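Chains as they are written, first to last, in my numbering: chain A, 13 to 174; chain B, 13 to 174; chain C, 13 to 174; chain D, 13 to 174.
Number of protein chains: 4
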Amino acid sequence: MFLLTQIKFLVIAITLMGSSVTVYAQITNDITHDEAFKTLLAAKKNAEASEVVVNIAVVDAGANLKAFIRMDESYLGSIDVAIKKAKTARYFNMDTGELGELTQPGGIIYNIEHSNDGLITFPGGVPIKNKNGKIIGAIGVSGGTIEQDRAIAIAGAESIIE
Amino acid sequence: MFLLTQIKFLVIAITLMGSSVTVYAQITNDITHDEAFKTLLAAKKNAEASEVVVNIAVVDAGANLKAFIRMDESYLGSIDVAIKKAKTARYFNMDTGELGELTQPGGIIYNIEHSNDGLITFPGGVPIKNKNGKIIGAIGVSGGTIEQDRAIAIAGAESIIE
Amino acid sequence: MFLLTQIKFLVIAITLMGSSVTVYAQITNDITHDEAFKTLLAAKKNAEASEVVVNIAVVDAGANLKAFIRMDESYLGSIDVAIKKAKTARYFNMDTGELGELTQPGGIIYNIEHSNDGLITFPGGVPIKNKNGKIIGAIGVSGGTIEQDRAIAIAGAESIIE
Amino acid sequence: MFLLTQIKFLVIAITLMGSSVTVYAQITNDITHDEAFKTLLAAKKNAEASEVVVNIAVVDAGANLKAFIRMDESYLGSIDVAIKKAKTARYFNMDTGELGELTQPGGIIYNIEHSNDGLITFPGGVPIKNKNGKIIGAIGVSGGTIEQDRAIAIAGAESIIE
Numbered sequence: 013m014f015l016l017t018q019i020k021f022l023v024i025a026i027t028l029m030g031s032s033v034t035v036y037a038q039i040t041n042d043i044t045h046d047e048a049f050k051t052l053l054a055a056k057k058n059a060e061a062s063e064v065v066v067n068i069a070v071v072d073a074g075a076n077l078k079a080f081i082r083m084d085e086s087y088l089g090s091i092d093v094a095i096k097k098a099k100t101a102r103y104f105n106m107d108t109g110e111l112g113e114l115t116q117p118g119g120i121i122y123n124i125e126h127s128n129d130g131l132i133t134f135p136g137g138v139p140i141k142n143k144n145g146k147i148i149g150a151i152g153v154s155g156g157t158i159e160q161d162r163a164i165a166i167a168g169a170e171s172i173i174e
Numbered sequence: 013m014f015l016l017t018q019i020k021f022l023v024i025a026i027t028l029m030g031s032s033v034t035v036y037a038q039i040t041n042d043i044t045h046d047e048a049f050k051t052l053l054a055a056k057k058n059a060e061a062s063e064v065v066v067n068i069a070v071v072d073a074g075a076n077l078k079a080f081i082r083m084d085e086s087y088l089g090s091i092d093v094a095i096k097k098a099k100t101a102r103y104f105n106m107d108t109g110e111l112g113e114l115t116q117p118g119g120i121i122y123n124i125e126h127s128n129d130g131l132i133t134f135p136g137g138v139p140i141k142n143k144n145g146k147i148i149g150a151i152g153v154s155g156g157t158i159e160q161d162r163a164i165a166i167a168g169a170e171s172i173i174e
Numbered sequence: 013m014f015l016l017t018q019i020k021f022l023v024i025a026i027t028l029m030g031s032s033v034t035v036y037a038q039i040t041n042d043i044t045h046d047e048a049f050k051t052l053l054a055a056k057k058n059a060e061a062s063e064v065v066v067n068i069a070v071v072d073a074g075a076n077l078k079a080f081i082r083m084d085e086s087y088l089g090s091i092d093v094a095i096k097k098a099k100t101a102r103y104f105n106m107d108t109g110e111l112g113e114l115t116q117p118g119g120i121i122y123n124i125e126h127s128n129d130g131l132i133t134f135p136g137g138v139p140i141k142n143k144n145g146k147i148i149g150a151i152g153v154s155g156g157t158i159e160q161d162r163a164i165a166i167a168g169a170e171s172i173i174e
Numbered sequence: 013m014f015l016l017t018q019i020k021f022l023v024i025a026i027t028l029m030g031s032s033v034t035v036y037a038q039i040t041n042d043i044t045h046d047e048a049f050k051t052l053l054a055a056k057k058n059a060e061a062s063e064v065v066v067n068i069a070v071v072d073a074g075a076n077l078k079a080f081i082r083m084d085e086s087y088l089g090s091i092d093v094a095i096k097k098a099k100t101a102r103y104f105n106m107d108t109g110e111l112g113e114l115t116q117p118g119g120i121i122y123n124i125e126h127s128n129d130g131l132i133t134f135p136g137g138v139p140i141k142n143k144n145g146k147i148i149g150a151i152g153v154s155g156g157t158i159e160q161d162r163a164i165a166i167a168g169a170e171s172i173i174e
């Protein structure tokens, strides 16, 4: 009986896997540390021009921390917020502010912030894309107003394709 | 009132224990790994037909992870969301979307998401029942719209009784 | 004064980044869900042949959960052990058993298990490589003896290059 | 022996408190982000000269993350290890390798790694001191051998007083 189920299962599995096994190999583009540094410095330069001190985090395509800087006198609480913004932007491949519009009371993904050890869903996190439009990581900024944080993050992300 | 319920329960319990211990112990049956795989594959097939990539988690009657698959290119953040949806559906034996109606500001179980290391209370998690209507586990799906996630989860759960 | 430091810093940074900015782009190969399923099934088949019930976890190149199965009657405590073995094998690109030889009292990386939310450093986790020898993920097995767990994990990993 | 150290410490403390409260308060100065970047780049340069890829973390006098870089192809598991090495070095103002000698089975602070959300007590974390010998932060390096990690960390820390 068990054997029969097993065989049946294998048939289903093989059928589903079909001919796609080797064809389907996926390529993920990943940010380099030089690109991560470039992103960080472009964001920092933008923050200085805006006269605001922030924390800036860059994560790679796997949402792992790649580069980070905390500007002098910036909020201590913004270290984790900046890192979580970067991770959130990569987790869902979108601007954290856009995500936040869906997580409000009554929103379609209300309280999703409780997943992944804590998400940050207000502006300041954006995906980083290369010249071919592929996502290679994300940047998160925290310390200024949400408009400033978002503008600084975008300045960082866009430095890659300049 | 409470006493009456208690007595009624004891009568049922004693009756069940009367004939055999095993009858009483097993008020829920447990999903097998073959059933969990079947659920996973049925959900995956439904997702492919809807052309959406998702994460699919199946938990057993003890709300422990039983089977999981992350479809290529699905959101990284959906791994944890799918697992939490499945656990939430089994924790409270209901559709996660129904639970979410009660957790809104002013709702009777407002912010219950803070318990159990984080619950997910929007659609995409449903209990899995066997042919006798007994709950044997739950499935959680994340990656599409909440309507897609819920439809895929139901397709997975219903494959067990087909 | 601050400006001077800034300029000096930029000069240092630009010098260090040199000409390598675009040349250095890195390609990470990532396991597909078909490959992850294949790994899982090959490991499960091996476990059944050895008449042992185990938990089997596959993570991708980013150490994120890709596929999982808990065989019926396997230890509840092995769910997390299997996942942590797979993650540990990818975190340090080696057999978890080899790592464990270095983490003993007096070992060069004694107590590294306290990092990364908990590592498992005894046998049962191995990297998964493709035909070109590139690491595409890792598999972790828990539930049998450590020799059985390791043999099952290797059977799973090697199914990719057969 | 212990008593003598204690008395010596009390004398220093009383002397410092004696003249003025503000003198006593500031026994540590804080690293600036320019200094943190300089430390990071000096460590990275040393790693490149040694042909080893590592993760490098710098924390400030408050043991908060100040700067971080993950070199391409370095271990994923070393992100957290590098950060924990830097924090551990500042938590106890000493080389993490020295601390590790005291945490072995039978050691006077056996298993202190369980505190502070996980310490790393093998070599690779060192305090950063300014020209006046005051601790301003710490650096943690992970990815090479423990000797390499320690040498890279020292190269980073010493760049501040050059």
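For glycine and all other residues, C-beta sits at the position ideal for the given N, C-alpha and C.
Remember, predicted model here, so these are calculated numbers, not experimental data.
Inset, instruction - For the stretch 48-55 of chain A and the stretch 75-85 of chain A, state whether three or more C-beta atom pairs, one from each stretch, are separated by less than 8 Å. - result: Touching, yes, given that three or more Cβ pairs across the two stretches are closer than 8 Å.
Inset, instruction - Inspect the beta-carbon positions of R102(A) and V153(A) and report whether they are closer than 7 Å. - result: Reading the first sequence from its first residue, position 90 is the one you call residue 102(A). Reading the first sequence from its first residue, position 141 is the one you call residue 153(A). Not a contact, by the Cβ cut-off of 7 Å.
Inset, instruction - Jot down the residue ranges of each uninterrupted alpha helix (DSSP H) in the stretch 105-143 of chain D, minimum 4 residues, whole runs only, in chain order. - result: Those alpha helix (DSSP H) runs which fall completely within the stretch 105-143 of chain D and span 4+ residues are 108-112.
Inset, instruction - Decide if the stretch 87-98 of chain A is in contact with the stretch 143-153 of chain A; the criterion is three or more beta carbon pairs, one per stretch, under 8 Å apart. - result: These segments touch.
Inset, instruction - Kindly say whether K99(B), judged by its beta-carbon, lies nearer than 7 Å to any beta-carbon of chain A. - result: What you label residue 99(B) is simply residue 87 of the second sequence in a count that begins at 1. Closer than 7 Å to the CB of K99(B) there is not a single CB belonging to chain A.
Inset, instruction - Closer than 8 Å by beta-carbon distance: list the chain C residues that pair up with T133(D), in chain order. - result: For the purposes of this step, residue 133(D) is taken as the residue at position 121 of the fourth sequence. Near T133(D) (Cβ distances below 8 Å), the residues of chain C are Y122, N123.
Inset, instruction - Helix, strand or coil for K96(C), going by three-state DSSP, please let me know. - result: Stepping through the third sequence from its first residue, residue 96(C) is reached at position 84. In this structure, DSSP gives K96(C) a helical state, which the three-state scheme calls helix.
Inset, instruction - State the Cα-Cα distance for the pair K146(C) and P135(A), rounded to the nearest angstrom. - result: Your numbering for residue 146(C) matches position 134 in the third sequence. Your numbering for residue 135(A) matches position 123 in the first sequence. Between K146(C) and P135(A), the C-alpha separation is close to 37 Å.
Inset, instruction - Specify whether the stretch 159-168 of chain A and the stretch 50-63 of chain A touch according to this definition: at least 3 beta carbon pairs, one from each stretch, less than 8 Å apart. - result: Result yes; three or more Cβ-Cβ pairs closer than 8 Å.
Inset, instruction - Return the chain-ordered list of same chain residues with a C-beta closer than 6 Å to the C-beta of S90(A), the five sequence neighbours on each side being excluded. - result: Working through the first sequence from its first residue, we reach residue 90(A) at position 78. Contacts found: N67, S154, G155.
Inset, instruction - Indicate whether A167(A) and A73(A) have their beta-carbon atoms separated by less than 7 Å. - result: Start at 1 with the first residue of the first sequence, and residue 167(A) comes out as number 155. Start at 1 with the first residue of the first sequence, and residue 73(A) comes out as number 61. Result no, Cβ atoms of A167(A) and A73(A) do not sit closer than 7 Å.
Inset, instruction - Establish whether the CB of I24(B) and some CB of chain A are separated by less than 7 Å. - result: Indexing the second sequence from 1 puts residue 24(B) at position 12. Any reading at I24(B) must be qualified, since the residue scores a pLDDT of 48, below 50, and its modelled position is unreliable; no value is offered.
Legend entry - A165(B) versus V138(B) - alpha carbon distance: In the second sequence, residue 165(B) corresponds to position 153, counting from 1. In the second sequence, residue 138(B) corresponds to position 126, counting from 1. The straight-line gap from Cα to Cα measures roughly 7 Å.
Inset, instruction - Could you work out which residues of chain E lie near N76(D), taking near to mean beta carbons separated by less than 8 Å? - result: The structure shown has no chain E; the protein chains it does contain are A, B, C and D.
Inset, instruction - With DSSP as the reference, label G74(D) as helix, strand or coil. - result: In the fourth sequence, the residue the question calls residue 74(D) occupies position 62. Coil.
Legend entry - Under 7 Å from the C-beta of T44(A): neighbouring residues of chain D: Start at 1 with the first residue of the first sequence, and residue 44(A) comes out as number 32. Correct list: D84.
Inset, instruction - For E113(D), collect the residues of the same chain with a Cβ closer than 8 Å to its Cβ; drop the 5 residues on either side in sequence, then sort them by chain order. - result: For the purposes of this step, residue 113(D) is taken as residue 101 along the fourth sequence, with counting starting at 1. Correct list, in chain order: G119.
Inset, instruction - Count the other CB atoms, across all protein chains shown, that sit within 10 Å of the CB of H126(D); report buried if there are 16 or more and exposed otherwise. - result: Here the question's residue 126(D) lines up with position 114 in the fourth sequence. That one is exposed.
Inset, instruction - Compare the beta carbon distance of I43(D) and I173(D) with 7 Å and say whether it is the shorter of the two. - result: Taking the fourth sequence and counting its residues from 1, one reaches residue 43(D) at position 31. Taking the fourth sequence and counting its residues from 1, one reaches residue 173(D) at position 161. Taking 7 Å as the Cβ cut-off, I43(D) and I173(D) do not qualify as a contacting pair.
Inset, instruction - In the DSSP assignment, find the unbroken beta strand (DSSP E) run with G168(A) in it and report its ends. - result: Within the first sequence, numbered from 1, the residue matching residue 168(A) stands at position 156. Note, G168(A): premise wrong, no beta strand (DSSP E); alpha helix (DSSP H) at 158-170.
Legend entry - Nearest candidate by alpha-carbon position, reference T133(A), set V64(A), K99(A), M83(A): As a first step, residue 133(A) is located in the first sequence; it is residue number 121 there, counting from the start. With distances taken between Cα atoms, T133(A) lies closest to K99(A).
Inset, instruction - Decide if N123(A) is buried, meaning its Cβ has at least 16 other Cβ atoms within 10 Å, or exposed. - result: Your numbering for residue 123(A) matches position 111 in the first sequence. Classification for N123(A): buried.
Inset, instruction - From the DSSP output, in three-state form, read off E174(A) for me. - result: Locating residue 174(A) in the first sequence gives position 162, counting from the first residue. E174(A) falls in the coil class under three-state DSSP.
Inset, instruction - Tell me whether G130(A) is buried or exposed, calling it buried when 16 or more other Cβ atoms sit within 10 Å of its Cβ. - result: On the first sequence, residue 130(A) is found 118 positions in, with the first residue counted as 1. By the 10 Å Cβ count, G130(A) comes out exposed.
Legend entry - DSSP-derived helix/strand/coil call for S90(D): Within the fourth sequence, residue 90(D) is the residue found at index 78, counting from 1. Three-state DSSP puts S90(D) in a helix.
Inset, instruction - Starting from N128(C), find everything on chain D with Cβ-Cβ shorter than 7 Å and list it in chain order. - result: Locating residue 128(C) in the third sequence gives position 116, counting from the first residue. Residues of chain D whose Cβ lies closer than 7 Å to the Cβ of N128(C) are, in chain order, G89, D92.
Inset, instruction - Measure the CB-CB distance between E85(D) and V65(D) and report whether it falls below 7 Å. - result: To locate residue 85(D), count along the fourth sequence from 1; it is residue 73. To locate residue 65(D), count along the fourth sequence from 1; it is residue 53. Cβ atoms of E85(D) and V65(D): closer than 7 Å.
Inset, instruction - Using a threshold of 7 Å, state whether the C-beta atoms of N142(D) and N41(D) are closer than that. - result: As a working note, residue 142(D) is residue 130 in the fourth sequence. As a working note, residue 41(D) is residue 29 in the fourth sequence. N142(D) is a Cβ neighbour of N41(D), given a cutoff of 7 Å.
Inset, instruction - Would you mind sorting L88(A) into buried or exposed? The rule is 16 or more other CB atoms within 10 Å of its CB. - result: Counting from one through the first sequence, the residue named residue 88(A) turns up at place 76. By the Cβ neighbour-count rule, L88(A) is exposed, with fewer than 16 other Cβ atoms within 10 Å of its own.
Legend entry - N58(C) (DSSP reduced to helix, strand or coil): Locating residue 58(C) in the third sequence gives position 46, where the first residue counts as 1. DSSP places N58(C) within a helical segment (H, G or I) once states are collapsed to three.
Inset, instruction - Please classify D46(B): does DSSP put it in a helix, a strand, or coil? - result: Locating residue 46(B) in the second sequence gives position 34, counting from the first residue. Assignment of D46(B) by DSSP, reduced to helix, strand and coil, places it in the helix class.
Legend entry - Contact list for Q116(B) against chain A, beta-carbon separation under 8 Å: Taking the first residue of the second sequence as 1, we reach residue 116(B) at position 104. The contacting residues are P117, G118, Y122.
Legend entry - According to DSSP, residues forming a beta bridge with G152(A): On the first sequence, position 140 is the one that residue 152(A) refers to. The bridge partners DSSP lists for G152(A) are A69(A), G137(A).
Inset, instruction - Note down, in chain order, each residue of its chain lying with its Cβ closer than 6 Å to the Cβ of A169(A), except the 5 sequence neighbours on either side. - result: For this step, residue 169(A) is matched to residue 157 along the first sequence. Leaving aside the five residues that flank A169(A) on each side, the residues in its chain whose CB is nearer than 6 Å to its CB run, in chain order, V138, I140, I151.
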